[in-house]
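K.L.:
The structure is given below, and queries will be raised subsequently.
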Amino acid sequence: MRGGRRTGERPVKWTLALVAALGVGLLGGPPSAGVPVGEAPVALAGEVTAPAEEITIPVGANPAGMALHPSAPRLYVANYADDTVSVVDTDQNAVIATINTRTDPNTRTAPNGIALSPRGDRAYVTLPNSNQLAVLDTSDNSMIEAVPIGSDPIERALPNGIVVAPDGSRIYLANTGTDQIWVLDADSIEALPPIPLKSGAGPVDLAMSPDGDRIYTADINSDEVSVVDPAAGTVLDTVEVGRDPKDVVIGSGGELFVPNGFSDDVSVIDPGSATVVATIPVADDPGKATARGDRVYVADGLTQPSVSVIDSTSNQVIRTIELENGSRRIVTSPDTMYVSGDGPEGEAGVVTVLPLPR
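All the letters of the sequence shown, read from the start, carry residue numbers 0 to 357 under numbering that gives the first Met the number 0.
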């Protein structure tokens, strides 16, 4: 179903039960270009294939965010349902350590977003259930501390998406529950003044421009992207996108690509004019995405786990890759793609490893 929310779903304030709800599925169809704003979506584009080579790595339950080390062969996977982070050796394609994120054995943490410092010596993990940020030491795979997030211990900040400034000086969190970007000093891990977004925005993920001058948030409750000046701590603009935006990534030309879970498409935003310039139909319930070169890779597949490959120069889906396991989050290296999701029939989580498709 396109153009609206699915049966039994309605636009509500995001709660913890929805924090890790990311899309999986597949539809096929004849070639089509990105749809200009105001026109009806057309059938999906691109060849539908299965990967020639697919490796699976068992990790924790309901794997969510992933991050690659900038210089070492390591992949860090936040396991939402069992409160751990799996450390994967990407040369061996095997888990070499599992880090517990609980500070209280009776309190769930639900690790979701994860990002590394530019040097790779620290990993930062959002814990929306306990309203904390876990700081991990990547040299010995230990948790240094878990700092509280939110100005009031009673309020549900629900930190989800996370990004580290290019110079490593600041950490920015998308606080879904309080409509804020939470800001921390990366050296002291002390909170700085938060950046307020529009009431009811529900930021769930965010991206930062390579020069650090702009932050873009995917606002899942208001169906918008907020354009933020982090230095001034202000919202410069908001851009209406599709239904249920779950992520925002920056393409090679600077355009923003926003997967919309309920409208089954990706909005393309020109950041200069703060307008949607194209809408690209993709597979059912697209979730997280990543960009590399002139390609954008979207994890999707409500009925059939898949990855949509978008040519960011033409705004066309050029290939849809069917997967055997779940498609929840996605990261890439120059030659490899890693997709996290549930195993067959909802079994324990896995990371699917396959050659990076072009």
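Beta carbons: idealized from backbone N, C-alpha and C, even for Gly.
(1) Is the Cβ-Cβ distance between Asp246 and Gly286 less than 9 Å?
(2) Which ranges would you report for the alpha helix (DSSP H) in the segment 214 to 276 if only whole runs of at least 4 residues count?
(3) Start and end of the beta strand (DSSP E) containing Ala145?
(4) Which residues in the same chain have their Cβ closer than 7 Å to the Cβ of Asp296, if we skip the five residues on either side of it in sequence?
(5) Take Gly149 and list the residues in its own chain whose beta-carbon comes closer than 6 Å to its own, dropping the five residues that flank it on each side.
(6) Once the 5 residues before and after Asp88 are set aside, which same chain residues still bring their CB inside 7 Å of it?
(7) Can you check DSSP and say which residues form a bridge with Ser85?
(8) Between Phe261 and Asp284, is the Cβ-Cβ spacing less than 9 Å?
(9) Does the beta-carbon of Gly201 have 16 or more other beta-carbons within 10 angstroms, so that it is buried, or is it exposed?
(10) When DSSP builds the beta bridges, which residues end up paired with Arg294?
(11) Within this structure, are the beta carbons of Asn111 and Leu126 separated by less than 9 Å?
(12) Leaving out the 5 sequence neighbours to the left and right, which residues in its chain are closer than 8 Å to Thr437 when beta-carbon positions are compared?
(13) So who's on the other strand from Pro202, going by DSSP bridges?
(14) So Val64 packs on Ile113, CB below 8 Å; how close in whole Å?
(15) Sort Ser187, Asp184, Arg169, Asp204 by Cα distance to Asp178 and report the nearest one.
(16) Our contact map puts Val265 next to Ile249 with C-beta atoms below 8 Å; I'd like the distance itself, whole angstroms only.
(17) Near Asn46, which residues of its chain fall below 8 Å by C-beta distance, leaving aside the five closest residues on each side in sequence?
(18) Can you tell me whether DSSP reads Pro192 as helix, strand or coil?
P.N.:
Taking the structure as given:
(1) Taking the sequence shown and counting its residues from 1, the one referred to as residue 246 is at position 247. Taking the sequence shown and counting its residues from 1, the one referred to as residue 286 is at position 287. The answer is yes: Cβ separation under 9 Å.
(2) none
(3) As a working note, residue 145 is residue 146 in the sequence shown. 141 to 147 is the span of the beta strand (DSSP E), which, as asked, contains Ala145.
(4) Sequence index remark: in the sequence shown, residue 296 carries index 297 (1-based). Here residue 296 turns out to be Tyr, not Asp, going by the sequence shown. Ala288, Thr289, Val306, Val308, Ile329, Thr331, Met336, listed in sequence order.
(5) As a first step, residue 149 is located in the sequence shown; it is residue number 150 there, counting from the start. Answer for Gly149: Asn130, Ala156, listed in chain order.
(6) For the purposes of this step, residue 88 is taken as residue 89 along the sequence shown, with counting starting at 1. These residues qualify, in order along the chain: Pro72, Arg73, Ile95.
(7) Along the sequence shown, read from residue 1 onward, the residue named residue 85 stands at position 86. Answer is Val76, Thr97.
(8) On the sequence shown, residue 261 is found 262 positions in, with the first residue counted as 1. On the sequence shown, residue 284 is found 285 positions in, with the first residue counted as 1. Closer than 9 Å, so yes.
(9) Residue 201 sits at position 202 when you count from the first residue of the sequence shown. The residue is buried, with at least 16 neighbouring Cβ atoms inside 10 Å.
(10) If you number the sequence shown from 1, residue 294 lands on position 295. Answer is Arg291, Asp310.
(11) Position 112 of the sequence shown, counted from the start, is the residue given in the question as residue 111. Position 127 of the sequence shown, counted from the start, is the residue given in the question as residue 126. Yes. Within cutoff.
(12) The question about residue 437 has no answer, for the chain in this structure spans 0 to 357.
(13) In the sequence shown, residue 202 corresponds to position 203, counting from 1. Its beta-bridge partners are Asp218.
(14) Within the sequence shown, numbered from 1, the residue matching residue 64 stands at position 65. Within the sequence shown, numbered from 1, the residue matching residue 113 stands at position 114. In the sequence as displayed, the identity of residue 64 is Gly instead of Val. Gly64 to Ile113, Cβ: 4 Å. Contact.
(15) Counting from one through the sequence shown, the residue named residue 178 turns up at place 179. For Asp178, the nearest C-alpha among the options comes from Asp204.
(16) Residue 265 sits at position 266 when you count from the first residue of the sequence shown. Residue 249 sits at position 250 when you count from the first residue of the sequence shown. Actually they are not in contact, since the Cβ atoms of Val265 and Ile249 sit about 13 Å apart, beyond 8 Å.
(17) Counted from its first residue, the sequence shown places residue 46 at position 47. Per the sequence shown, the amino acid found at residue 46 is Glu instead of Asn. Counting only Cβ-Cβ distances below 8 Å, and skipping sequence neighbours, we find Ile317, Arg318, Thr319.
(18) Translated into positions along the sequence shown, residue 192 becomes position 193. Of the three classes helix, strand and coil, the one that applies to Pro192 here is strand, per DSSP.
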